[in-house]
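Here is the structure we will look at.
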Amino acid sequence: LPSAVLLKDMKLMDVKLGQLGSWLAMRDFTPGGIMGAIRRGHSRYYNKYINVRKGGLGGLSMVLAGYIVLSYMWSYSHI
Amino acid sequence: MNLSFFDQFSSPSLLGIPLVLISTMFPALLIPSMDKRWVTNRLSTLQLWFINLVTKQLMSPLNNKGHKWALILTSLMIFLLLINLLGLLPYTFTPTTQLSMNLALAFPLWLATLLTGLRNQPSTSLGHLLPEGTPTLLIPALILIETTSLLIRPLALGVRLTANLTAGHLLIQLISTATVTLFSTMPAVSLLALLVLFLLTILEIAVAMIQAYVFVLLLSLYLQENV
Chain F
1 LPSAVLLKDM KLMDVKLGQL GSWLAMRDFT PGGIMGAIRR GHSRYYNKYI
51 NVRKGGLGGL SMVLAGYIVL SYMWSYSHI
Chain Z
1 MNLSFFDQFS SPSLLGIPLV LISTMFPALL IPSMDKRWVT NRLSTLQLWF
51 INLVTKQLMS PLNNKGHKWA LILTSLMIFL LLINLLGLLP YTFTPTTQLS
101 MNLALAFPLW LATLLTGLRN QPSTSLGHLL PEGTPTLLIP ALILIETTSL
151 LIRPLALGVR LTANLTAGHL LIQLISTATV TLFSTMPAVS LLALLVLFLL
201 TILEIAVAMI QAYVFVLLLS LYLQENV
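For the protein sequence lines, the chains are F and Z, in the order given. Just so we're aligned, residue 1 is where the first sequence starts under the UniProt record's numbering, counting upward by one. Just so we're aligned, residue 1 is where the second sequence starts under the UniProt record's numbering, counting upward by one.
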């Protein structure tokens, strides 16, 4: 018996493809909402990889690798 | 072809949007905010240890009034260190290769030390213009020389940082271009160039750290005279 969850509270992986458009429309795209999303994403990453008892080199390296990829994308036209 | 070597120093922009602000603010992401725990994660512990080391090293020659500058000098040191080291990664942009940014950092801070000295202890600050024990005949010339050296300090601070980093990046690019071009014709020479490139990269890492340190150290020295 599936529990009745509101569309706007469903996680992205549970949204069916047909509902994707309405799910996106219900998300909070105000500046406050975007800041909240960035904060939540940052907390997820931080608490999973860095704020642990035996954090390794991987947590920092993934951030640096992402930065390199981002810089490559920005400078692609100059190469 | 020659002009393409300087492309790495152009401000990054995406469809006309300047991205240099993101490149400058990125080091802030690498420093986690302080937890209220006693035993924090490894990254925070390492960074705390390093910041304590830097602060003690910089602030011990200063008297109590100079300790008010601890926050700005330490954060400037961490900022420059991270920006310089991040610039060594491939495809990244180093904001400190831009003279405008380095002068914008050096000039207000130097002026602040000068004005602090002139406002609080004007005769002592001006007295630094004449070292003790100079022969009487040399006094006018020495005053002029010391004033010039005082006024050129912000320029020297900014240009030193810019020139060191820009030269390092250019050298890395030139030697790596030579290595790649020579690989098809003379692999032995290419191997030699690769060795030089390896050593140069180690030097660049050292220079990145040293230049940040020198910048802040000189500022603290100017502060020491004036506070």
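We put the CB at the ideal spot given by N, CA and C, even for glycine. Treat the numbers as computed from the prediction; the structure is a model and nothing was measured.
At a Cβ-Cβ threshold of 8 angstroms, Z:Thr201 and Z:Thr97 do not count as neighbours.
A straight line joining the alpha-carbon of Z:Pro90 with that of F:Ile68 spans about 6 angstroms. Counting every other CB atom within 10 Å of its CB across the protein chains shown gives F:Leu17 a total below 16, marking it as exposed. Secondary structure at F:Met10: coil, using DSSP grouped into helix, strand and coil.
Ranked by how close their Cα comes to the Cα of Z:Leu99, the residues Z:Phe26, Z:Asn164, Z:Leu192, Z:Leu130 have Z:Asn164 in first place. The C-alpha of Z:Phe79 is placed about 9 angstroms away from the C-alpha of Z:Met25. Counted as a single uninterrupted DSSP element, the alpha helix (DSSP H) harbouring Z:Thr113 occupies residues 99 to 120. The beta carbon of Z:Thr147 is closer than 7 angstroms to those of Leu129 in its chain, skipping five residues each way along the sequence. What F:Tyr46 touches in chain Z, judged by beta-carbon distance under 8 angstroms, is Pro32, going in chain order. Contact check for Z:Gly158 against Z:Ala212 fails: the beta carbons are separated by 8 angstroms or more. Taking the C-beta atoms as reference points, Z:Leu88 is found no nearer than 8 angstroms to Z:Glu225. Sorting Z:Thr124, Z:Phe215, Z:Ala178 by C-alpha distance to the C-alpha of Z:Ser190 places Z:Ala178 at the top. In this structure the segment 46 to 60 of chain F lies against the segment 24 to 44 of chain Z, because at least three pairs of beta carbons, one per stretch, are closer than 8 angstroms. For F:Ile34, no chain Z residue has a Cβ inside 9 angstroms of its Cβ, as the nearest lies near 15 angstroms away.
Boundaries of the alpha helix (DSSP H) around Z:Gln173: 153 to 182.
Ranking Z:Thr45, Z:Leu30, Z:Pro95 by CA distance to the CA of Z:Leu21 puts Z:Pro95 first. Residues of the segment 60 to 73 of chain F with a C-beta atom less than 8 angstroms from some C-beta of chain Z are Leu60, Val63, Leu64, Tyr67, Ile68, Ser71, Tyr72, listed in chain order.
Z:Leu81 places its beta carbon less than 8 angstroms from that of Z:Met209. Interface with chain Z (8 angstroms Cβ-Cβ cutoff): F:Ile50 is included.
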